[in-house]
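See structure below.
Protein chains: 2
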Amino acid sequence: QKAGQLFSGLLAMNVVFLGSAFISSMIFNHVAITLADVWILLSILKVLCLCWIIYYLLGTSRQPHAVLYRDSHAGPIWIRGSVLLFGSFSILLNMFQIGYSVILIHCKSMVEIVFPSIEILFICTQAFFLWHHSKDCIQVQHNFTRCGLMLTIATNLLLWLLAVTNDTIHMEIESQLREVEQRFAGKAPFSHPYLRNETTSCTCPNTTICKVFQKGYILLYPFNTEYCLVCCSVLYVIWKNVGRRISHHHVPHIKPKFKLQGVVFGPLLGTTAVIIGICIFMMYQIQATGSAPNHQVFVMYYSYYIVLLPLMSVGAVIGTIIHALEKRELDTLKNPTRSLDVILLMGAALGQIGMSYFSIVAIVATDPRDLLNSLILSYSVLLIFQNITQNVFIIDGLHRQPFVAAAEARHTGHAGQHAVASELPAEEETTTSSKQEHTQISPGKEEEMKEEQNHEAYNQRRVSMLELGQEIRKASLSYLHSYSHLSWKRRALREISFFLVLCNIILWVMPTFGAHPVFENGLEKSFYGYSTWFAIVNFGLPLGVFYRMHSVGGLLEVYITA
Amino acid sequence: QKAGQLFSGLLAMNVVFLGSAFISSMIFNHVAITLADVWILLSILKVLCLCWIIYYLLGTSRQPHAVLYRDSHAGPIWIRGSVLLFGSFSILLNMFQIGYSVILIHCKSMVEIVFPSIEILFICTQAFFLWHHSKDCIQVQHNFTRCGLMLTIATNLLLWLLAVTNDTIHMEIESQLREVEQRFAGKAPFSHPYLRNETTSCTCPNTTICKVFQKGYILLYPFNTEYCLVCCSVLYVIWKNVGRRISHHHVPHIKPKFKLQGVVFGPLLGTTAVIIGICIFMMYQIQATGSAPNHQVFVMYYSYYIVLLPLMSVGAVIGTIIHALEKRELDTLKNPTRSLDVILLMGAALGQIGMSYFSIVAIVATDPRDLLNSLILSYSVLLIFQNITQNVFIIDGLHRQPFVAAAEARHTGHAGQHAVASELPAEEETTTSSKQEHTQISPGKEEEMKEEQNHEAYNQRRVSMLELGQEIRKASLSYLHSYSHLSWKRRALREISFFLVLCNIILWVMPTFGAHPVFENGLEKSFYGYSTWFAIVNFGLPLGVFYRMHSVGGLLEVYITA
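Chains as they are written, first to last, in my numbering: chain A, 7 to 568; chain B, 7 to 568.
Dropping the structure here:
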């Protein structure tokens, strides 16, 4: 098994290195290696992946005994949902690209229509594959499957790399374009090597459809990067699960469902944060992209963060303390999905934290007493703190046994129940055991209540209706008592995680749709020099966006299992 | 335990990020952050580490029950030896630096004497600590010890980062200096921001001692980088071992000793390779650093590699096949040292492989049919192949049970022995079991022979001398027969690993002492642009050197246990 993993890992490593070398060559030497060369390489890889995926769908997975086990932790609904969501956005993006190329067909080559078509095919097939097979623990053709998966991971990573470099180059061009336009007041149109074709002969004709294509293309770009990263993480989990045998002892839990009951302050505070955030985001976008960006808009933007981030940090710290107070048992079973979640959270946070440290050093070295600079400084410090506390909170939450608290409540409930219903000791014993089994499976409080009632009714048909009614009432009372006793911790956890979910969503939306103050405020840019800061942002920003998205997923899981 | 690891890991991450931001600021903005600022930060970190190490040596480790277990795999002699070796070179380096600063005291500040002194103190204390405590599994003050270890790791990483950037900047300056000198024929002395002080007023007076200091400083620099990396790896193993309890079932094996017997071709071929390599290295150094480097010296250098690398790859592949044929049991016990070795091997190889891929793309895109270019192309491809095959061979070898082959030989020997000495069945049984225990511990063939003789003599004192002599002779004969039958595989493994050890030593020596053809041939430099290729080499070269050193260690282990 180790040999197969090593071999497929080496394959992926080589593909990734070759592709990165290609992409870097394209960036640093536009003449020798063009974007078309990179696209040809990526298309070959995509076609290979497509062949493997189709072979897997039609061949490998239909063999007898191919999928004996399914990993219940792998591919939760929010991950598969985001694959579908981002996948459809990516398809839309490619369609816009095809449409744009068709309009400007007189100065574009055929490849700019062919490659997006391959991309669409690839995205569709991959999304279908991930939707249906993300839980598989495949038991046949181990090594071939591993290699196929690793090839697909490598292709997605390269697509991500290309998208990131392209995306940020795009961003950069736009911001420079604006600067140049300001300076020359529209006299000399800026021509970058990448844009030269378009600006000289291939400008978009002034039709609505072309503008829509162009604008949609720019807006949808970030979703493509997210799509690649999410696919990589799902594929990695499948790869880890190849050949894994799950003992039948761990029956797949019926996952607790997402319910809104019992939380008030979290959604309220969170929604307020989201609404204010959207307002600030829109003001920022109008101000920063319109004329010369003035200080005021940055002050507003950073102030919003400086208010929001401490709230989030405090919430995460309180949540961690409650976790420690609860003393639930830790879930130490092997679980590739969770290990990956933890690694991704920590790894993706590095991007944001690294950028913050660079900002801190730049500000401290220049002038930390200026208003805007002191705002950026506190923003950076708070961001580091928030990232760390939130990571600790989520990792803590993911490692808890989800159902022990519920079972505990049941036990306390039973103690009261025993005192009341001591007249049927023998039957009560069997009921207890069967009920405990149930508690392990269905943790929803209301469902439990109902089931308890059903159960007791079924077991005590001989007992007279009066006794039964009395007993149920007393049992429910003692149950409710223990529930309300335990639930302040659980309720607080739910409030906190719901609040954090909403905050992370707004912090995810803002950079995704184009608010990049780290680039636009110009402070670090002038300190580190243009190209260095560009490289740092290039590395940090997409990871930061991915971090927000991933922590939304993690926090939802904490919310559900709390 | 997990919480402590997470917390100390976060501490280290923050320190590393802060330090990297400082160092990058120094590189990209010389005015705001100077080298002195970075030195101050690092000195503070060093003093903190020193305090912790001294507290550990005098406090923590002397507490009752502090060190109940020792990890026999951690800190093998070659690692601790290289810590001492590189440590002493680093101390020498710092002494040279102090001496150099004292000579030029009129234009250098006091800090340039103070900081190297702190560094010397730090290196000495750390080397002492690692020499004596690298096997510790500390059982008290877990979290404090973890934080201390992580702080020390972070400090070493930052020292490495500073050394790497400084080292490569130095290299770069030298090569540019040469270019400039050639162009202006000594008219205008080149003044780099870093060297400006020295070149304007602080030139070295023409005394021998100053030249020695200057030259020794340049020569010893690479050892400092290696020292930091080796310390990091040892500290990491100690960190992983904090709080670990080793079941007393696994008694520490008496490690097999390094012996040269039974290998002929490996040392012979290897020594030839080393001697030729040294000749080529010296010719290269004379030619490349003297006047304008001509093509011939590069052709010679790359030809040497192109002959050597396939030999090494074939050796590693044959070794891997023999490993597969042997069907020894795999050693699947938890072993942090080995996991780290595997990760370091794979990680360090990435540097070399990445650089090779960049070379390949650059050559294929320019002109692969030129003689030198085709040589570099095949060199790069072969280097990737060699790295991968060697990694597979070493990892395979590290995961074998070292003593099973020896035990097998004993069993075959016993079969013959039983047929001869069937007159003492009861005593033979007890002897067998006690001997099997022995085989598990001492695998050296000659020692076994001697012990066997001792043992049998002790157990069979009643038996007449005639019978004894006869039996010993027959047993030895059958033993020798089985030994010679098994040993072709083991001998081949030893030949191969010895050959690879010598090859890796020469491939380690050449870049360490200044042969950097990837930088000096100018091909990739002109393709990617100066600064990009500079960054790539910056990342790849030190990792490549570390990889060679680390694989020497791994191969020695494979040799010993084969």
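Heads up, the beta-carbon is just placed ideally off N, CA and C, and yes, glycines get one too.
Cβ neighbours of residue i in the same chain (closer than 6 angstroms, five flanking residues each side left out)
i, result
"Gly10(A)", "His148, Asn149 and Arg152"
"Glu204(A)", "Residue confidence for Glu204(A) is low, a pLDDT of 42 falling below 50, so the modelled location carries little weight; the figure read from the coordinates is stated next. No residues qualify anywhere along the chain."
"Trp137(A)", "Arg86"
"Val469(B)", "For Val469(B), the predicted model reports a pLDDT of 47, less than 50, meaning its position is unreliable; a value from the coordinates is still stated below. Correct list: empty, nothing qualifies."
"Tyr290(B)", "Val303, Tyr307 and Ala521"
"Arg76(A)", "Lys141"
"Val280(A)", "Leu508 and Ile512"
Nearest-angstrom Cα separation, counted from residue j out to residue i
i, j, result
"Thr171(A)", "Asp43(A)", "16 angstroms"
"Ser309(B)", "Leu381(B)", "7 angstroms"
"Ala322(A)", "Val367(A)", "26 angstroms"
"Thr158(A)", "Lys52(A)", "8 angstroms"
"Tyr223(B)", "Phe121(A)", "55 angstroms"
"Ala568(A)", "Gly283(A)", "27 angstroms"
"Ser365(B)", "Ser386(B)", "7 angstroms"
"Trp58(A)", "Lys246(B)", "40 angstroms"
"Ser140(A)", "Ile566(A)", "21 angstroms"
"Ile328(B)", "Ile502(B)", "11 angstroms"
"Val551(B)", "Met32(B)", "25 angstroms"
"Asn397(A)", "Val22(A)", "29 angstroms"
"Thr395(A)", "Ala18(B)", "16 angstroms"
"Val236(B)", "Tyr553(B)", "11 angstroms"
Own chain partners of residue i with C-beta closer than 7 angstroms, once the 5 adjacent residues on each side are dropped
i, result
"Leu389(B)", "Leu315, Gln358 and Ser362"
"Leu56(A)", "Leu127, Phe128 and Thr131"
"Gly560(A)", "Asp347, Leu351, Ile400 and Leu404"
"Leu378(A)", "His301, Phe304 and Val305"
"Leu275(B)", "Phe505"
"Gln103(A)", "Pro122 and Tyr223"
Environment of residue i [buried if 16+ CB atoms lie within 10 Å]
i, result
"Ala169(A)", "buried"
"Ser440(A)", "For Ser440(A), the pLDDT reaches just 40, beneath the cut-off of 50, and the residue's location in the model is therefore unreliable, although a value from the coordinates is still provided. Burial call: exposed."
"Gln7(A)", "exposed"
"Gly40(A)", "Checking the sequence shown, residue 40(A) turns out to be Thr, not Gly. Flag for Thr40(A) reads exposed."
"Pro70(A)", "exposed"
"Lys217(B)", "exposed"
"Leu74(A)", "exposed"
"Arg406(B)", "buried"
"Lys340(B)", "exposed"
"Ile369(B)", "buried"
"Met555(A)", "buried"
"His36(B)", "exposed"
"Ile29(B)", "buried"
Identified DSSP bridge partners for residue i
i, result
"Arg406(B)", "Leu336(B)"
"Arg76(B)", "Asp142(B)"
Proximal residues of chain A, C-beta to C-beta of residue i below 8 angstroms
i, result
"Thr372(B)", "Ala38"
"Tyr4(B)", "One cannot answer for residue 4(B) here, as it falls past the ends of chain B, which runs 7 to 568."
Chain B residues whose Cβ lies nearer than 8 angstroms to that of residue i
i, result
"Thr538(A)", "Ser30 and Phe34"
"Ile401(A)", "Leu12"
Own chain partners of residue i with C-beta closer than 8 angstroms, once the 5 adjacent residues on each side are dropped
i, result
"Gly331(B)", "The sequence given here has Leu at residue 331(B), not Gly. Once the five neighbours on either side are set aside, the close Cβ partners of Leu331(B) are Lys495."
"Thr372(B)", "Asn379, Leu529 and Phe533"
"Leu90(A)", "Ala133 and Trp137"
"Gly360(A)", "Ile542, Phe545 and Gly546"
Listed by chain order, chain B residues near residue i by CB distance under 7 angstroms
i, result
"Tyr385(A)", "Neighbours of Tyr385(A) on chain B: none; closest Cβ ~16 angstroms, over 7 angstroms."
"Ile394(A)", "Leu16"
Where residue i meets chain A, residues with beta-carbon distance less than 7 angstroms
i, result
"Gly360(B)", "Phe23"
"Tyr363(B)", "Phe23, Leu24 and Ala27"
Neighbouring residues, chain A, relative to residue i (Cβ below 9 angstroms)
i, result
"Phe545(B)", "None at all; the shortest Cβ gap to chain A is about 12 angstroms."
"Ile366(B)", "Leu24 and Ala27"
Within chain B, the residues that residue i reaches when beta carbons sit closer than 9 angstroms
i, result
"Tyr242(A)", "What Tyr242(A) touches in chain B: nothing, since even the nearest Cβ is about 17 angstroms away."
Heavy atom of the ligand HEM within 7 angstroms of residue i beta-carbon
i, result
"Ile369(A)", "This structure simply doesn't include the ligand HEM, nor any ligand for that matter."
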